[in-house]
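One structure is given here, and the rest of the page talks about it.
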Amino acid sequence: MTFWQRCLMSLNRIYAIVLKELAVILGDKGSRIVLIVPVFAQAILFGYGATFNLERVPWTLLDESHSSVSAEVIRRIEGTGIFELQRNAVSLTDFERSIDKAESLVGVYFPNDFARSGEMMVVTDARNSTTAGIALGYLYSIVKKVNDAHGVGEGGLQLRERYCWNENGITRYTIVPPLILVLATIQVLLLAGLSVSREREDGSFDMMLMTPADSVEILIGKSIIPTLIACVQAFMIFAIGFWWFELPFIGSFIELGLFVLGYSVSMVGLGLAVSAMAKNIQQSIVAIIFMMLPMVILSGLMTSVRAMPEWMQTLTILNPMRYSIQALRAIYFEGASLIDVLPLAWPVAMMGVISMFVASYLFRHKIV
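For the sequence shown, the positions run 72 to 439 when this note's numbering is used.
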């Protein structure tokens, strides 16, 4: 047999294997779903969710001057169709409270001497520096239009901005602290999500069923290590942000740790439920990736939830990471206590209880 004949036969065998693999992939319903559904889902999520255009800017107004120029600025702000007035403040205390409680993204203040000085104050919640910068850009554009309309140029109306919680608009304030939860989520879902499916493929899960441990004990035993690893990694991210990047930490370290612990437990329940439902490792990995991407994109980590279309903002209500990142930022930058963030923490706790119940149910029925 010549060299070229051997090469031809080898190519024929490779061709036969390729046809077999193609038939297996296209012939399996689960594989077809994996090939098609994530493409459309991720394209829609990134196309609508990963946007830096603000479609809704909640704002607070305090007008002490009641001048014709301030009325014109207010009219132009409302005429954009983007700014939605949340509070017409009656005092500076009322004005500051609206920003402190994240009720509004920006606050516009016209002091008593505004008609004479032409200086207006804009305060913005800069924990998400990107969103704050875009909102300020809109207001600067409005100020420029007012000045152009009166023919005064840059020497007329002046805007003085102040960034709350992030005085210099540093993007690390937006990204690094929430990574405490994002990396914990990825780690927990991967470890817990692959736990049962990997052992089922290896055959060790059947051996574990022969032990005296019941389903609940197995569930608890499999929850502890992923939770501890997630907490350790969260502490590492916190240490890097605090000591290396020198991000100011105002809150209580103990309360932050307890919050991360509770969040990790919630994610463990979700991962174990996925692992119990999956038949193999491949299904677990696909399900985990399919869950993680929407959770991260719809969390407000990189782009504000306010920048998303209204129908997508509604979807974020079901995302526990959205509430968790808001609560973490409140603890980290404002020094909020666990009691203060309870309205944000209870949806996460409820999801943890539900996911643990589902995981326990699936474990019990798989074992029986």
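We put the CB at the ideal spot given by N, CA and C, even for glycine.
DSSP lists 156 and 177 as the bridge partner or partners of residue 130.
DSSP places residue 332 within a helical segment (H, G or I) once states are collapsed to three. In the displayed model, residue 412 falls within coil according to three-state DSSP, outside both helix and strand. Counting the other CB atoms within 10 Å of its CB gives residue 194 a total of 16 or more, which places it among the buried residues. In the three-state reduction of the DSSP assignment, residue 348 falls in the helix class, which pools H, G and I. Contact between residue 290 and residue 430 is confirmed by a C-beta separation of about 6 Å, below the 8 Å threshold.
In this structure, residue 173 keeps its C-beta atom at 7 Å or more from the C-beta atom of residue 131. The straight-line gap separating the alpha-carbon atoms of residue 396 and residue 179 is approximately 26 Å. Contact check for residue 162 against residue 169 fails: the beta carbons are separated by 7 Å or more. Residue burial is scored here from C-beta neighbours: residue 78 has fewer than 16 other C-beta atoms within 10 angstroms and is therefore classed as exposed. For residue 383, the uninterrupted alpha helix (DSSP H) run begins and ends at 381-386, by DSSP.
The continuous stretches of alpha helix (DSSP H) do not include residue 231, which lies in the beta strand (DSSP E) extending over residues 229-235.
By the neighbour-count criterion, in which 16 or more other beta carbons inside 10 Å mark a residue as buried, residue 325 falls on the exposed side.
Put simply, the backbone Cα of residue 316 is about 9 Å away from that of residue 247. The beta-carbon separation of residue 404 and residue 198, rounded to 6 Å, stays under the 8 Å limit for a contact. Inter-residue distance for residue 392 and residue 329 is about 16 Å (C-alpha atoms, whole angstroms).
When C-beta atoms of the stretch 407-417 are compared with those of the stretch 335-347, fewer than three pairs fall below 8 Å, so the two segments do not count as touching. Secondary structure note for residue 195: its beta strand (DSSP E) is the uninterrupted segment 190-196. Residue 158 counts as buried, since at least 16 other C-beta atoms from the protein chains shown sit within 10 angstroms of its C-beta. In chain order, 402, 403 and 406 place their CB closer than 6 Å to the CB of residue 322, counting only its own chain and leaving out the 5 sequence neighbours on each side. Counting every other CB atom within 10 Å of its CB across the protein chains shown gives residue 191 a total of 16 or more, marking it as buried. No residue range can be given for residue 405, since it is assigned to no alpha helix (DSSP H) and is classified by DSSP as neither H nor E.
Residue 305 places its beta carbon less than 7 Å from that of residue 331. As the crow flies, the alpha-carbon of residue 294 is around 16 Å from that of residue 420. Collapsing the DSSP output to three states places residue 184 in coil. The beta carbons of residue 153 and residue 128 sit closer together than 7 Å. Residue 317 carries a coil assignment under DSSP once its states are collapsed to helix, strand and coil.
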